[in-house]
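Only one structure is covered here, and it is reproduced in the block below.
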Amino acid sequence: MSFDLGDAADDADDDGEQAEATESESNSEPEEPADPPEKTPAFGFENKWQRQLYPRPESWEDLEDAMTLDMERVFRDHGVRNMSKREIHDALVRFSADHAEEVARLALEERGVDTEE
Numbered sequence: 001m002s003f004d005l006g007d008a009a010d011d012a013d014d015d016g017e018q019a020e021a022t023e024s025e026s027n028s029e030p031e032e033p034a035d036p037p038e039k040t041p042a043f044g045f046e047n048k049w050q051r052q053l054y055p056r057p058e059s060w061e062d063l064e065d066a067m068t069l070d071m072e073r074v075f076r077d078h079g080v081r082n083m084s085k086r087e088i089h090d091a092l093v094r095f096s097a098d099h100a101e102e103v104a105r106l107a108l109e110e111r112g113v114d115t116e117e
């Protein structure tokens, strides 16, 4: 993602006008309630960033089964019926980042490296 700093400087003059317009609008009309989180994706398509993963076919099939059989049940238990794969993939990446040592251990074990020292 790139930013044009010139645009930000040009827009600075408009901030006061926009704030005044927003204040007058918010005072005249009641605010619409936001959609419940069960109905709204965590982030839109504009926030996605595509990268490739290279798992073995059987590992990918296991993940797809888990997404369909296990994760979908949890989503439905919480009233979410429209979970997108991009949200699941994002959660997987965040989980892996938070559990980096466990992920490394799994990769080492697949190579046959003893991780119990």
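For the sequence shown, position 51 (counting from the first letter as 1) is numbered 51 according to the UniProt record's numbering, and the numbering increases by one without interruption. Heads up, the beta-carbon is just placed ideally off N, CA and C, and yes, glycines get one too.
Among residues of its own chain, excluding the 5 on either side of residue i, which ones have a beta-carbon nearer than 8 angstroms to its beta-carbon?
i, result
"T22", "The pLDDT assigned to T22 is 49, lower than 50, so where the model puts this residue is not dependable; a value taken from the coordinates is nonetheless given after this. Nothing listed; no residue qualifies."
"M67", "K85, I88"
"D11", "Note on D11: pLDDT 45, under 50, position unreliable in the model; no value is reported."
"D7", "Residue placement at D7 cannot be trusted, given a pLDDT of 42 that sits under 50; what the coordinates show is reported in the next sentence. Cβ neighbours of D7 beyond the five flanking positions: none."
Looking at the structure shown, is residue i part of a helix, part of a strand, or coil, going by DSSP?
i, result
"M71", "helix"
"D98", "helix"
"H89", "helix"
"V103", "helix"
"E38", "coil"
"L108", "helix"
"F43", "coil"
"S59", "helix"
"E117", "coil"
Residues in the same chain with beta-carbon distance under 7 angstroms from residue i, minus the five sequence neighbours each way, listed in chain order, please.
i, result
"L108", "T115"
"A9", "Here A9 scores only 42 on pLDDT, less than 50, and its place in the model should not be relied on; the value that follows carries that caveat. Answer for A9: no residue qualifies."
"M71", "I88"
Beta-carbon within less than 6 angstroms of residue i's beta-carbon, same chain only, minus the 5 sequence neighbours each way: which residues are those?
i, result
"H78", "none"
"V103", "S96"
*Three or more C-beta pairs closer than 8 angstroms, one from the segment 33–51 and one from the segment 82–98: is that the case here?*
yes
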